[in-house]
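Report on the following structure.
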Amino acid sequence: MSDDDNSPISAAAAKALFAELRGAPALVLAVSGGPDSLALMWLAARWRRSLARGPKLIVVTVDHGLRKDAAREAREVKQLARSLDLTHRTMRWTGAKPKTGLPAAARDARYRLLVKVARASGATHVLTAHTRDDQAETLLMRLLRGSGIVGLSAMARITQRDGVALARPFLDVPKSQLIATLARAKIGFADDPTNRDPAFTRPRLRALLPALAAEGGNVRNLARLAARLARANAAVDVLADGAERFLALRDRDRLSHHAGGRSFEASSFAALPEEVRLRLLLRAIDAVGHEGPAELGKVEALLAVLDRAVADETGPRGTGHISIKQTLAGALVSLSRGRIQIVPAPARRVRGGS
22 MSDDDNSPIS AAAAKALFAE LRGAPALVLA VSGGPDSLAL MWLAARWRRS
72 LARGPKLIVV TVDHGLRKDA AREAREVKQL ARSLDLTHRT MRWTGAKPKT
122 GLPAAARDAR YRLLVKVARA SGATHVLTAH TRDDQAETLL MRLLRGSGIV
172 GLSAMARITQ RDGVALARPF LDVPKSQLIA TLARAKIGFA DDPTNRDPAF
222 TRPRLRALLP ALAAEGGNVR NLARLAARLA RANAAVDVLA DGAERFLALR
272 DRDRLSHHAG GRSFEASSFA ALPEEVRLRL LLRAIDAVGH EGPAELGKVE
322 ALLAVLDRAV ADETGPRGTG HISIKQTLAG ALVSLSRGRI QIVPAPARRV
372 RGGS
């Protein structure tokens, strides 16, 4: 498929896109009323009809309560779902909405509600209609934020959330093909004005894509870059897994996982490649900390402190008694007598009160 390919997706191509999902008992389809998700629903319904036995399809529309047209669009999705003989549910994001970080909060609420329906209905997967265009935009957003290799891998085809798989079968499909698919099926779609609102980051970056494409940074090339970075990230993860096993083997006379924490022999840890050290430290902090995921930049800064201290401690002029203690993301990281230890940090004391 190419970025200027405006041909509809054939039944055979759709079969290939959904092939891995054939054995699932049920699938939740996230459908908003926009062109991408409506194409997902229509193609999935056609694919399901072609099977003698296949998963039950449950269409879910999330009304975030942020636009006056959202309720009407949900009703229109419900009508189309019924015409395709599909079950439909509308889930509403209720309660107060944050004044800052609204897109991220809305996205989190959407996935939370979709997973809720999936778990209640016995569905193993939630399908979203993210396209190659979305993948390119995600890469640009994370690039500008200075993300590491994990973030620059952009969206994965399958991720997990609360025991439910989030599947994105259209990640290598251009949006133009989904619109062409709806045109052939004579299906209209909603136009969400927030997709063009310059108050949000993604629409601003979307407006830059034509200029980037003129320089060779088209959607296809950006998505290809994300795929290559994902491949490299997977390789580093394998190296980190091996390094973790190696450190545990070297540490077999001690408990490398002790008292709810982690422990590394400092000189063995220091001999590993920097990216692997960073990943092991990040894993350990996230595993034992109690304040959410650690920020990559802060872990990088902490690793630099540890590296310098280990070099001073084990070098030819080292005293062997350098001690360091730092708290990050609810984990206490320390270096003492040749060992790096990561344990849960004491709970923060709340000021005031009785």
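In this note's numbering, the protein residues as written are 22 to 375. Every residue gets a Cβ at the ideal spot worked out from N, C-alpha and C, and that includes glycine. Quick caveat: nothing in here was measured; it's all calculated off a predicted structure.
Name the residue from the options whose alpha carbon lies nearest to the alpha carbon of residue i.
| i | options | result |
| --- | --- | --- |
| ARG358 | VAL331, ASP26, THR222, GLN100 | VAL331 |
| LEU59 | ILE200, GLY172, ALA253, ALA322 | ILE200 |
| ALA228 | LEU260, LEU192, ASP154, GLY75 | ASP154 |
| LEU165 | ASP213, THR222, HIS109 | THR222 |
| ALA177 | LEU226, ALA127, LEU233, ALA247 | ALA247 |
| ALA220 | ASP212, GLY122, LEU148, ARG249 | GLY122 |
| HIS311 | ARG300, GLY282, LEU192 | GLY282 |
| VAL147 | ARG225, VAL297, PHE39 | PHE39 |
| ASP193 | PRO367, PRO46, ALA34 | ALA34 |
| ALA264 | GLY238, VAL240, GLU295 | GLU295 |
| SER168 | GLU316, VAL257, LYS207 | GLU316 |
Considering only their Cβ atoms, is the gap separating residue j from residue i smaller than 8 Å?
| i | j | result |
| --- | --- | --- |
| LEU243 | ALA157 | yes |
| VAL81 | MET112 | yes |
| LEU187 | ALA175 | no |
| LEU303 | VAL320 | yes |
| LEU203 | ALA144 | no |
| ARG69 | ALA32 | no |
| ARG205 | PRO29 | yes |
| LEU299 | LEU324 | yes |
| GLU97 | GLY55 | no |
Classify residue i as helix, strand or coil using the three-state DSSP reduction.
| i | result |
| --- | --- |
| LEU353 | strand |
| THR180 | strand |
| LEU105 | coil |
| LYS118 | coil |
| PRO29 | coil |
| PRO294 | coil |
| PRO365 | strand |
| LYS319 | helix |
| ASP155 | helix |
| ILE208 | coil |
| GLY44 | coil |
| ALA8 | Not covered by the structure: residue 8. The range shown for the chain is 22 to 375. |
| LYS99 | helix |
| ALA60 | helix |
| PRO195 | coil |
| GLY263 | helix |
| PHE39 | helix |
| ALA232 | helix |
| LEU276 | Confidence in LEU276 is poor, its pLDDT being 44 and thus under 50, which makes the residue's placement unreliable; the coordinate value appears in the next sentence. Three-state result, LEU276: coil. |
Using the DSSP secondary-structure output, state which residues sit across from residue i in a beta bridge.
| i | result |
| --- | --- |
| GLU286 | ARG360 |
| VAL81 | ALA51, ARG110 |
| THR348 | LEU353 |
| ALA186 | HIS146, GLN181 |
Give every residue of the same chain whose Cβ lies closer than 6 Å to the Cβ of residue i, excluding the five residues on either side of it in the sequence, and list them in chain order.
| i | result |
| --- | --- |
| SER277 | Any reading at SER277 must be qualified, since the residue scores a pLDDT of 49, below 50, and its modelled position is unreliable; the value itself is stated next. Correct list, in chain order: ALA269, SER284. |
| SER197 | ASN27 |
| ALA131 | Before going on, a small fix: residue 131 reads as Arg here, not Ala. Closer than 6 Å at Cβ, skipping near neighbours: VAL83. |
| VAL136 | ARG182, ASP183, VAL185 |
Quick one: residues in its chain with C-beta nearer than 8 Å to the C-beta of residue i, no 5 flanking neighbours on either side, listed in chain order?
| i | result |
| --- | --- |
| ARG163 | GLY172, LEU173, ALA175 |
| LYS36 | TRP68, SER71 |
Less than 7 Å between C-beta atoms, sequence neighbours within five positions excluded: which residues of the same chain meet that for residue i?
| i | result |
| --- | --- |
| ARG189 | THR149, HIS151, MET176, ARG178 |
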